[in-house]
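So the structure is just underneath, and the comments pick up after that.
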Amino acid sequence: MRRWWWWGAGILGLVVLAAGPTGALAASADHEGQVVVYTAAQSTIVQAIGPMFEKKTGIKVQFVEGGTGEVLKRAQAEKANPLGDVFWALAAEPLAANADLLEPYTVADDAKITAIYKKGMAGGRVQPNNVTPMVIVYNKKLVSEADAPKSWKALAEPKWKDKIAYAAADKSGSSYTILATLLTVFGDNNTGWKVVEDIMKNAKILPSSSRVPKGVADGEYHAGLTYEDAAMRQVAGGAPVGVIYPQDGTSVPPDGNALIKGAKRPKAARIFLDYKGFAPLSEIKAVAYDMAWAGKNYAAFVKKWQEIIVRVK
Amino acid sequence: MHRRGDIWTGVTGVAFALLAVLLIIPLGRLLWASLLGDDGGFTLKHYREFLAYPYYSRTIGHSFLVSGLVTLAALVVAVPVALLLARVDIPGKAVLKSLAILPLVSPPFIGAYSWILLFGRAGYVTTLLQKVGITIPTVYGMHGIVLALTLNLYPFVLLMVAGALQALDQSLEEAAQGLGSSPWRVFWTVTVPVTMPSVLGGALLVFLTAFADFGAPMIIGEGYLVLPTIVYSLFVNEMGGNPAMASTGATLLVVCTTAILLVQYWAVGRKRYAMTQLRPVPPVRPRPFVRGLLTGYASLVIGLSLVPAFVVAVTSFFESRGPVLYPNFSLGNYREVLFNVPRAITNSFALSSVSSLLDVLLGTLIAYLVVRRRSVATAALDSCVMIPYAIPGTVIGVAFIVAFNKPPIVLTGTFLILLLAYFVRRLPYSVRAGSAILHQIDPSVEEASISLGVSPLKSFAKVTARLMLPGIVSGGILTWVQTITEISATIFLYFGAWSTITVVIYRQVSSSNFGSAAAASTILLVAVFIPVLAVNWMMGERAVTAV
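Protein sequences, first through last, are from chains A and B.
Going by my numbering, the residue at position 46 of the first sequence is 46; the numbering climbs one at a time, nothing skipped.
Add 1000 to a position in the second sequence, counting from 1, and you land on the number used in my numbering.
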């Protein structure tokens, strides 16, 4: 039913793609011989993909790694003379918010991508990659399955005071997505913001999204708000972590790829973008999460969130 | 004795020109944005906004509080140990001195995790104590930041004070003793005042580093925000951030730091003690019992500060299943990083060695100008040099890309941009170490040399630079160690094959692969420790043969 470990699936997809008869790839022997890929993907994945892509296409691939924020900041600073060719596996919302850095491109597999994942993607400039549902994680040693928070709303109860972890919304992209998801579920109004404030009263604010599942796995926190991939890696590693897809609904935003505007090696870049497979999606109860709306309201929502933090901390 | 228009005027000019191209122009443009309104006109509204908004403004108070406490604690911890290492004959001195540098190598992001691993809510020590009925406060929050930073930064004071004590001339104390002073009186009236510039210099480095640090507050602050964390969040924000506010915060950091620097400049400037070379004071050999006690104390302090490194090293041999670690012995983490570590560590060594060499060269000259040729121009030079200290590496990284990505100067995508960023970012260490030691050296020897007809530059090289050597070497080691662990500018500037070991560590941590990160960090620790140990051994012998 649910995909457990989407990176695993992603690699599998790639292996299948690489092995299959992909005419589009074979036809384009006409390329620049190398490509520079700016990526926020996990190092493990990056190391696996490089050699596979080189072997298949004969194109030498050079990765520049960093968090989504760092990679985008870097590309913004280099705008006058871009050094990268492709963005790969960055958080899609911030990528879409930087539409001026992107060149529109339609990937070979475009027809297979479900329409809802193309919404809010900067008019086709961003290609959806894998999806990352927002979830609740809890520590199975500290919290029984019966007591575990089954919904976002449950995290607002006073019994979770100082026991849950949340990454700062003004720092982490996925954390901002959770904030916007809460406002989608409970409304961008007094009711919705009251729920946010109550959750923040209970939460310890951490500086990066990877700290939340790690802290819960280590028993530093009872539960946390995070994204599926990070949570599942803990589960796969055998940590005492339970994952909950909130009953009141969650968002399922994709990661994104894009062609960098002014890329020096556009042909190789397009081959790289075509190379990525897009894993089919699972059946999580998704709310109608509007990425364009979330992006537009970023400054206002973060400011309100910061005011809450000053009030409750 | 100022001679106008000598070679030093030229050196001042060159130093200014270098700093203008590498620092003032790139950063100036970035910081200037804080004074521009939406219409491009001059305005102070961003500052009003920043200071009126509690989420931002309260971080300034937090920063001063944390840095102040860290500085006090570092002095209390480090000065006695420095005295022991410099003046008392205790066994294993070279090893202890080398070990004392390791806390500075605290691998980015992962070092502070060790404190959570031990003293967090579910930490090893916490749970162990709970079993015997003792509850300790968790490590999170302000006091945790102070603990981590103190044990991370005290080597600045230790190295500089120990260096100064070793450079102290025997005759001074002998004279005081000959005049009938008791040993304590000699200590308080001679030793303390003469080493004071180094104590203050070390304290300044600690204060400024603590003030600009965002790693420890991010990891164990648990929401306790300081000015650099806010600047970092405003600057590197996945959603594009707020450029004007980011510039405002960064400018405030520079303003605070410059103010601190001026206070220190004024304080040290009024107390100058000079002496002539240099028969090092022979170490005291106390009774065995006292000797054991003192050795124990020094080892305890240094040992405590090595806890993070130790935890990282132990963790690196744990078995990893994805992000989860199991306490079974395994070399899997090392296999995992074998793929990219050899090249990365070579890069790190090459880049930091060359840039540190340049730092020592220019830093020593600038220190000389600042101390010996006091003028408005050299005071300005001193302030400029210290700016990179206040600025998060992130800001320098971005400023460098913007400045050097199009003609006339294109450096992006080459190793040169990393080299120059390191050079500028770590120059303050060499300058501070150099000027601290210069305050102890009597200018009259050099002046005598010049009056005997030797050229000023040659006199400097032959006389003063030699007397400065212990200080220069300590400064050089500091510079090198701080460069090889640089990450925040590197992550923006590295390209292609020029990835460094810190990039590897940082990416492994962000990918939640803590085992691999620990393995890469351990390799870095060992790789840094060996050369430092070698230098200390060599210097130790040199000090002996010089007598």
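In this text, a Cβ means the ideal position worked out from N, Cα and C, and glycines have one as well.
Quick caveat, the model's predicted, so the values are computed rather than measured.
Check: For the 8 Å Cβ check, are there 3 or more pairs between the stretch 149 to 158 of chain A and the stretch 120 to 140 of chain A?
Finding: Touching, per the Cβ criterion.
Check: Looking at C-beta atoms only, is the number of pairs between the stretch 284 to 304 of chain A and the stretch 115 to 127 of chain A that lie closer than 8 Å three or more?
Finding: yes
Item checked: Uninterrupted beta strand (DSSP E) stretches inside the stretch 129 to 206 of chain A (no shorter than 3 residues) -> Within the stretch 129 to 206 of chain A, the runs of beta strand (DSSP E) that reach at least 3 residues and sit entirely inside it are, in chain order, 134 to 139, 164 to 167, 203 to 206.
Checklist line | Under 7 Å from the C-beta of A/Gln315: neighbouring residues of chain B | finding: Missing from the structure shown is residue 315 of chain A; chain A here goes from 1 to 313 and no further.
Item checked: Under 8 Å from the C-beta of B/Ala1122: neighbouring residues of chain A -> Residue 1122 of chain B sits at position 122 when you count from the first residue of the second sequence. Residues of chain A passing the Cβ test: Asp218, Gly219, Glu220.
Note to self: According to DSSP, A/Asp324 sits in a beta bridge with which residue or residues?
What the structure shows: Absent from the model: residue 324 of chain A. The displayed extent of chain A is 1 to 313, so no value can be given.
Checklist line | Cut-off 6 Å between Cβ atoms - residues of its own chain near B/Tyr1124, not counting five sequence neighbours on either side | finding: Mapped onto the second sequence, residue 1124 of chain B falls at position 124. Closer than 6 Å at the Cβ level, and outside the excluded window around B/Tyr1124, lie Leu1118.
Next item on the list: Closer than 8 Å by beta-carbon distance: list the chain A residues that pair up with B/Met1218, in chain order.
Entry: Position 218 of the second sequence, counting from 1, holds the residue named residue 1218 of chain B. Simply Pro207, Ser208.
Item checked: Cutoff 7 Å: B/Lys1406 Cβ touching any chain A Cβ -> Taking the second sequence and counting its residues from 1, the one referred to as residue 1406 of chain B is at position 406. Taking Cβ atoms only, chain A reaches closer than 7 Å to B/Lys1406, which makes this a yes.
Next item on the list: Pull out every residue of the stretch 1520 to 1531 of chain B whose Cβ sits closer than 9 Å to any Cβ of chain A, in chain order.
Entry: none
Notebook entry, point to check: On the premise that B/Met1468 lies in contact with B/Thr1315, defined as a C-beta separation below 8 Å, what is that separation, rounded to the nearest angstrom?
Noted result: Your numbering for residue 1315 of chain B matches position 315 in the second sequence. Your numbering for residue 1468 of chain B matches position 468 in the second sequence. Not a contact, Cβ separation roughly 41 Å.
Checklist line | Residue burial classification, A/Asp320 (beta-carbon count within 10 angstroms, cutoff 16) | finding: There is no way to answer for residue 320 of chain A, as the model of chain A reaches only from 1 to 313.
Check: Is the stretch 1480 to 1488 of chain B touching the stretch 1099 to 1106 of chain B, taking contact as three or more C-beta pairs under 8 Å?
Finding: yes
Checklist line | Inter-residue spacing [alpha-carbon to alpha-carbon] between A/Lys112 and A/Lys267 | finding: One-based indexing of the first sequence puts residue 112 of chain A at position 112. One-based indexing of the first sequence puts residue 267 of chain A at position 267. So the alpha carbons of these two residues sit roughly 22 Å apart.
Next item on the list: Please list the partners that A/Glu78 has in chain B, where partner means a Cβ-to-Cβ separation under 7 Å.
Entry: Numbered from its first residue, the first sequence carries residue 78 of chain A at position 78. The contacting residues are Ile1401, Asn1405, Thr1412.
Checklist line | Residue interval of the beta strand (DSSP E) (run including A/Gln62) | finding: Your numbering for residue 62 of chain A matches position 62 in the first sequence. It spans 60 to 65 - the beta strand (DSSP E) in which A/Gln62 sits, taken as one unbroken run.
Next item on the list: Pick helix, strand or coil for B/Gly1111, following the three-state DSSP scheme.
Entry: Taking the first residue of the second sequence as 1, we reach residue 1111 of chain B at position 111. The answer is helix: DSSP assigns B/Gly1111 an H, G or I state.
Notebook entry, point to check: Are the Cβ atoms of B/Gly1413 and A/Leu83 separated by less than 7 Å?
Noted result: Start at 1 with the first residue of the second sequence, and residue 1413 of chain B comes out as number 413. Start at 1 with the first residue of the first sequence, and residue 83 of chain A comes out as number 83. Their beta carbons are under 7 Å apart, which means B/Gly1413 touches A/Leu83 by this criterion.
Notebook entry, point to check: Hey, would you say A/Gly224 sits closer than 7 Å to A/Ile164, going by beta carbons?
Noted result: Position 224 of the first sequence, counted from the first residue, corresponds to residue 224 of chain A. Position 164 of the first sequence, counted from the first residue, corresponds to residue 164 of chain A. Yes, these two residues count as a Cβ contact at 7 Å.
Next item on the list: Report yes or no: do three or more beta-carbon pairs, one from the stretch 1199 to 1212 of chain B and one from the stretch 1071 to 1085 of chain B, lie closer than 8 Å?
Entry: yes
Next item on the list: Would you list, in sequence order, the uninterrupted alpha helix (DSSP H) runs of no fewer than 4 residues that lie entirely inside the stretch 1148 to 1190 of chain B?
Entry: 1170 to 1178, 1183 to 1186
Item checked: Cutoff 7 Å: B/Gln1277 Cβ touching any chain A Cβ -> As a first step, residue 1277 of chain B must be located in the second sequence, where it is residue number 277. A caution first: B/Gln1277 carries a pLDDT of 49, below 50, which makes its placement in the model too unreliable to give a value.
Note to self: Once DSSP output is grouped into helix, strand and coil, what is the label at A/Ala24?
What the structure shows: Against the first sequence, residue 24 of chain A aligns to sequence position 24. Because A/Ala24 carries a pLDDT of 42, less than 50, the predicted location of this residue cannot be relied on, and no value is offered for it.
Notebook entry, point to check: Is the Cβ of A/Asp229 closer than 7 Å to any Cβ of chain B?
Noted result: Taking the first residue of the first sequence as position 1, residue 229 of chain A is located at position 229. Chain B contact via Cβ: absent.
Note to self: Contact defined as beta carbons within less than 8 Å: I believe A/Tyr38 pairs with A/Val64. What is the distance between those atoms, to the nearest angstrom?
What the structure shows: Position 38 of the first sequence, counted from the start, is the residue given in the question as residue 38 of chain A. Position 64 of the first sequence, counted from the start, is the residue given in the question as residue 64 of chain A. At roughly 5 Å, the Cβ-Cβ gap stays under 8 Å, so A/Tyr38 and A/Val64 are in contact.
Margin query: Please state the DSSP three-state secondary structure of B/Thr1490.
Written below: Your numbering for residue 1490 of chain B matches position 490 in the second sequence. Residue state, collapsed to three classes: helix.
Next item on the list: Return no unless some Cβ of chain A is closer than 7 Å to the Cβ of B/Glu1486.
Entry: Position 486 of the second sequence holds residue 1486 of chain B. Judged by the 7 Å Cβ criterion, B/Glu1486 is not in contact with chain A.
Next item on the list: Assign B/Ile1134 to buried or exposed, taking buried as 16 or more other Cβ atoms, counted over all protein chains shown, within 10 Å of its Cβ.
Entry: Counting from 1 along the second sequence, the entry for residue 1134 of chain B is found at position 134. A residue is called buried when at least 16 other Cβ atoms come within 10 angstroms of its Cβ; B/Ile1134 does not meet this threshold and is exposed.
Item checked: beta strand (DSSP E) segment containing B/Gly1133, residue limits -> Translated into positions along the second sequence, residue 1133 of chain B becomes position 133. Segment: none, B/Gly1133 is in no beta strand (DSSP E) and carries neither H nor E.
Check: Buried or exposed: where does B/Thr1346 fall if 16 or more other Cβ atoms within 10 Å of its Cβ makes it buried?
Finding: Taking the second sequence and counting its residues from 1, one reaches residue 1346 of chain B at position 346. Exposed, since its Cβ has fewer than 16 Cβ neighbours within 10 Å.
Check: Using DSSP with H/G/I as helix, E/B as strand and the rest coil, what is A/Ala286?
Finding: Here residue 286 of chain A corresponds to residue number 286 of the first sequence, with the count starting at 1. DSSP places A/Ala286 within a strand segment (E or B) once states are collapsed to three.
Notebook entry, point to check: Can you check whether the CB of B/Leu1261 is closer than 7 Å to the CB of B/Val1371?
Noted result: For the purposes of this step, residue 1371 of chain B is taken as residue 371 along the second sequence, with counting starting at 1. For the purposes of this step, residue 1261 of chain B is taken as residue 261 along the second sequence, with counting starting at 1. For B/Val1371 and B/Leu1261, no; Cβs fall outside 7 Å.
Margin query: With a threshold of 7 Å between beta-carbons, can A/Gly262 be considered close to chain B, or not?
Written below: Here the question's residue 262 of chain A lines up with position 262 in the first sequence. When Cβ-Cβ separations below 7 Å define contact, A/Gly262 makes no contact with chain B.
Next item on the list: Would you tell me roughly how many angstroms separate the C-alpha atoms of B/Ile1391 and A/Glu103, rounded to the nearest one?
Entry: Numbered from 1 along the second sequence, position 391 holds the residue referred to as residue 1391 of chain B. Numbered from 1 along the first sequence, position 103 holds the residue referred to as residue 103 of chain A. Their Cα atoms are separated by approximately 34 Å.
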